[in-house]
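Notes follow the structure.
In the working numbering, the protein residues as written are 2 to 511.
Written as structure tokens, this is what we have:
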């Protein structure tokens, strides 16, 4: 017999002016279940969670907790009702202790003038112990890793005796090992009867850790399915409203015999990577795989002049173009897109057209060096149209766009200098499934037009589906590559984990 609902929302609607963010949405949550909420960016997931947390008020609909109708008029009221929301963006005070952060919300309820710091630390130790974590309650939050800060966020919610925990993209900034620890904590919370709403774009996480899935699309309720009775393809189809068999466009078999456009010879930075030698062919998408900390990003930064090289050479069409700075790379037609889109990929507070032109203002300047707004807007309009960029106006700030469209602006910025080689670090991080498919198509179209592309990704299905070949880095060294029939998760992980080297060291050969 199914557990009764601890939370049930029916007919929830919310409009912002003429835009209907939610239109008659239903959602239910059982005691001690992990319930995934899925949908493309703009589907209404965050709006619904903000209503549950009291940040927003619904225009219509009813919310019931344990069968009783409730009005959630503020985040404080949500906390009193046992609802805790852990946002994707960490919202802690970095300059005070872990214990003080954990007790902050509870302290707001107190009427005593004096703080009992002994009790604050005792309570923090107690709640951290319940999560099987040994973070020092007296440590400053600013000294913790992102994963540890996330544990503190969860502890803060649990300190209020919450029975419903909402996790919004909790693994977006975590390594694989850190994510595994989070999943262990979720399982222990579930065993204690705490109900979890889990928001993520990552299918593998959903199907490994969740009990049910609710899908929203364009602000409307689409379905609720038991994880055991559905599959990723069906959920993706429900999310985007169409079959996604074309998530990865056809590969280009001709790239295997194309001329070499970029080569590295024994690259090293003296610290994170050494002796990296590889080749990229014209029109090829070359993937770079490796475990977190293997040196993938550092290698890419070295190739593009963003981190100094201590040894080796970078060759473009056979010419030595070893960069001393990123400006050197741009001038030679080699560009880089950071995995940190908001921190280093785009200027979120600047207009779209100014972002697109940021790499080389000389291209849109008049004689005498004056910037031509007409050229700037024309360039952004042309590149935006080629990438199917969806926006109100090119003068809108990038912050107004969805994650997928922000990534398109970042790609347009790179294309503005007509590069020969594009290096992308986590090209689809933080974008929804539909936007991923579009970005994959864009990258393949660029490759088919002759651009050489290097793509770093932590998602093995993406590397396998998108790339013509995958080079694998282990502990800062290139340990092999896979292609064709060998381009499988098993072969990539065999190299990435260092097993290939261990086998050879013991006399075994691939």
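Backbone N, C-alpha and C fix where the C-beta goes; we use that ideal spot for every residue, glycine too.
Report the three-state DSSP secondary structure of residue i (helix, strand or coil).
i           : result
residue 528 : Because the chain in this structure spans residues 2 to 511, residue 528 falls outside the shown range and cannot be described.
residue 1   : For the chain, the structure presents residues 2 to 511; residue 1 sits outside this window and is missing.
residue 103 : helix
residue 484 : strand
residue 417 : coil
residue 464 : helix
residue 348 : coil
residue 73  : coil
residue 298 : helix
residue 267 : strand
residue 426 : strand
residue 434 : helix
residue 447 : helix
residue 284 : coil
residue 225 : strand
residue 97  : coil
residue 395 : coil
residue 61  : strand
residue 153 : helix
residue 322 : coil
residue 403 : coil
residue 278 : strand
residue 79  : helix
residue 477 : coil
residue 358 : coil
residue 472 : strand
With residue i as the anchor, note down where its beta strand (DSSP E) starts and where it stops.
i           : result
residue 196 : 196 to 200
residue 15  : 6 to 17
residue 455 : 453 to 457
residue 142 : Per DSSP, residue 142 belongs to no beta strand (DSSP E) and is neither H nor E.
residue 37  : 35 to 39
residue 371 : Here residue 371 belongs to no beta strand (DSSP E), and DSSP marks it neither H nor E.
Can you give the Cα-Cα distance for residue i and residue j, rounded to whole angstroms?
i           : j           : result
residue 257 : residue 280 : 11 Å
residue 1   : residue 226 : In the structure as shown, the chain starts at 2 and stops at 511, and residue 1 therefore has no counterpart that could be examined.
residue 382 : residue 417 : 11 Å
residue 11  : residue 161 : 26 Å
residue 194 : residue 238 : 32 Å
residue 196 : residue 168 : 11 Å
residue 16  : residue 60  : 7 Å
residue 7   : residue 190 : 15 Å
residue 463 : residue 81  : 42 Å
residue 69  : residue 39  : 26 Å
residue 36  : residue 92  : 23 Å
residue 440 : residue 413 : 12 Å
residue 371 : residue 423 : 28 Å
residue 479 : residue 425 : 18 Å
residue 66  : residue 178 : 35 Å
residue 390 : residue 403 : 10 Å
residue 310 : residue 339 : 18 Å
residue 150 : residue 449 : 43 Å
residue 234 : residue 158 : 34 Å
residue 259 : residue 351 : 39 Å
residue 90  : residue 331 : 32 Å
residue 472 : residue 483 : 7 Å
Could you pull the start and end residues of the alpha helix (DSSP H) that residue i belongs to?
i           : result
residue 336 : Here residue 336 belongs to no alpha helix (DSSP H); instead the beta strand (DSSP E) covers 335 to 338.
residue 91  : Run containing residue 91: none; DSSP gives neither H nor E here.
residue 134 : Where residue 134 is concerned, there is no enclosing alpha helix (DSSP H), given that its DSSP letter is neither H nor E.
residue 24  : Run containing residue 24: none in the alpha helix (DSSP H); it sits in the beta strand (DSSP E), 20 to 31.
residue 189 : 177 to 192
residue 387 : 374 to 387
residue 205 : 204 to 210
residue 236 : 233 to 241
residue 47  : 46 to 53
residue 169 : Note, residue 169: premise wrong, no alpha helix (DSSP H); beta strand (DSSP E) at 165 to 169.
My guess is that residue i and residue j are in contact by the Cβ rule of under 8 Å, so how many angstroms apart are they, rounded?
i           : j           : result
residue 467 : residue 249 : 6 Å
residue 497 : residue 291 : 5 Å
residue 103 : residue 156 : 5 Å
residue 228 : residue 213 : 6 Å
residue 304 : residue 282 : So it is not a contact: roughly 16 Å between Cβ atoms.
residue 296 : residue 324 : Actually they are not in contact, since the Cβ atoms of residue 296 and residue 324 sit about 18 Å apart, beyond 8 Å.
Flag residue i as yes when its Cβ comes closer than 6 Å to any non-hydrogen atom of the ligand NAD, and as no otherwise.
i           : result
residue 200 : With respect to the ligand NAD, the structure shown offers nothing to examine, as it has no ligands at all.
Is it a yes or a no for the region 392 to 402 touching the region 420 to 430, going by three-plus beta-carbon pairs under 8 Å?
Touching, no.
Could you check whether the region 80 to 88 touches the region 45 to 60, counting it as contact only if at least three pairs of C-beta atoms, one from each stretch, sit closer than 8 Å?
They touch, by the three-pair rule.
Three or more C-beta pairs below 8 Å linking the region 138 to 150 and the region 93 to 101:
By the Cβ criterion, the region 138 to 150 is in contact with the region 93 to 101, since at least three pairs of Cβ atoms, one from each stretch, lie closer than 8 Å.
At least 3 beta-carbon pairs within less than 8 Å: the region 345 to 356 vs the region 373 to 382:
Taking a contact to require three or more Cβ pairs closer than 8 Å, the region 345 to 356 and the region 373 to 382 qualify as touching.
Can you find at least 3 beta carbon pairs, one from the region 117 to 133 and one from the region 33 to 49, that sit closer than 8 Å?
Between the region 117 to 133 and the region 33 to 49 there are fewer than three inter-stretch CB-CB distances shorter than 8 Å, so the stretches are not counted as touching.
Touch test, the region 402 to 409 against the region 316 to 334, Cβ-Cβ under 8 Å, three pairs minimum
Segments in contact, no.
Using 8 Å as the cut-off, can you tell me whether the region 287 to 303 makes contact with the region 468 to 475, which would need three or more C-beta pairs spanning the two stretches below that distance?
Two segments are said to touch when three or more pairs of C-beta atoms, one from each, lie closer than 8 Å; by this definition the region 287 to 303 touches the region 468 to 475.
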